[in-house]
Amino acid sequence: MAKITKRTKKRSHVDASGVAHIKATFNNVMVTITDIYGNTISWSSAGKNGFKGSRKNTPFAAQVSAQAAAKEAYDLGLRRVEVFVKGPGSGREAAIRSLNTAGLVVSSIKDITPIPHNGCRPPKKRRV
Numbered sequence: 004m005a006k007i008t009k010r011t012k013k014r015s016h017v018d019a020s021g022v023a024h025i026k027a028t029f030n031n032v033m034v035t036i037t038d039i040y041g042n043t044i045s046w047s048s049a050g051k052n053g054f055k056g057s058r059k060n061t062p063f064a065a066q067v068s069a070q071a072a073a074k075e076a077y078d079l080g081l082r083r084v085e086v087f088v089k090g091p092g093s094g095r096e097a098a099i100r101s102l103n104t105a106g107l108v109v110s111s112i113k114d115i116t117p118i119p120h121n122g123c124r125p126p127k128k129r130r131v
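Following this note's numbering, the numbering of the sequence shown begins with 4 at its first residue and continues without gaps.
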């Protein structure tokens with residue numbers, strides 16, 4: 004018989020400040036909003052919001068994803084975020100802008116994209 008796992012109940016109230024992690028890859032955009040200790044408050048991605056295929060890496064998909072995550076965090080009491088952006092995707096600026104329009108105050112923006120010091124060989128150029 005399958006073991007029943009107990010789900011943790013969502014907290015009804017969080018601190019006023021937190022961190023928004025935006026990961027914008029070539030294929031998708033993921034937005035995770037955490038408290039200052041790293042515990043996840045809300046998350047969203049382009050795929051979670053109904054975008055499929057090549058529409059997932061558009062700025063509009065990033066905007067919708069960031070708005071969904073920000074609205075959920077705002078309802079739980081979050082008001083101020085620090086933004087960490089990672090990746091080369093096209094929806095970076097749109098996601099940051101929509102966090103601001105959703106009611107969260109953006110206190111700082113940091114780019115934490117990992118840069119190789121001549122590490123792995125990059126993928127070959129596409130021939131279309």
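The beta-carbon is built from N, C-alpha and C at its ideal position, and this holds for glycine as well.
Residue i, enclosing alpha helix (DSSP H) - first and last residue
i     : result
Lys89 : First-last for Lys89: Arg83 to Lys89, but that is the beta strand (DSSP E), not the alpha helix (DSSP H).
Ser68 : Pro62 to Asp78
Ile99 : Arg95 to Thr104
Reference residue i; option with closest CA among the options
i     : options                          : result
Lys44 : Thr116, Val109, Ala19 and Ile115 : The residue asked about is misnamed: residue 44 is Ile in this sequence, not Lys. The shortest Cα separation from Ile44 among Thr116, Val109, Ala19 and Ile115 belongs to Ala19.
Ala65 : Gly50, Gly94, Asn42 and Arg58    : Gly94
Lys55 : Lys74, Thr116 and Val32          : Val32
Gly41 : Val22, Ser47 and Ile118          : Val22
Gly50 : Val34, Asp38 and Glu96           : Val34
Cβ-Cβ distance between residue i and residue j below 8 Å
i     : j      : result
Leu79 : Val131 : no
Asn30 : Asn52  : no
Gly92 : Thr28  : yes
Ser68 : Val84  : no
Residue interval of the beta strand (DSSP E) (run including residue i)
i      : result
Val32  : Val32 to Asp38
Val108 : Val108 to Asp114
Thr43  : Thr43 to Ser48
Counted within 10 angstroms of its Cβ, other Cβ atoms place residue i as buried (16 or more) or exposed
i      : result
His24  : buried
Ala5   : exposed
Ser101 : buried
Ile7   : exposed
Ile99  : buried
Thr37  : buried
Val108 : exposed
Any non-hydrogen atom of the ligand FMN within 7 Å of residue i CB
i     : result
His16 : Here there are no bound small molecules, and the ligand FMN is not part of this structure.
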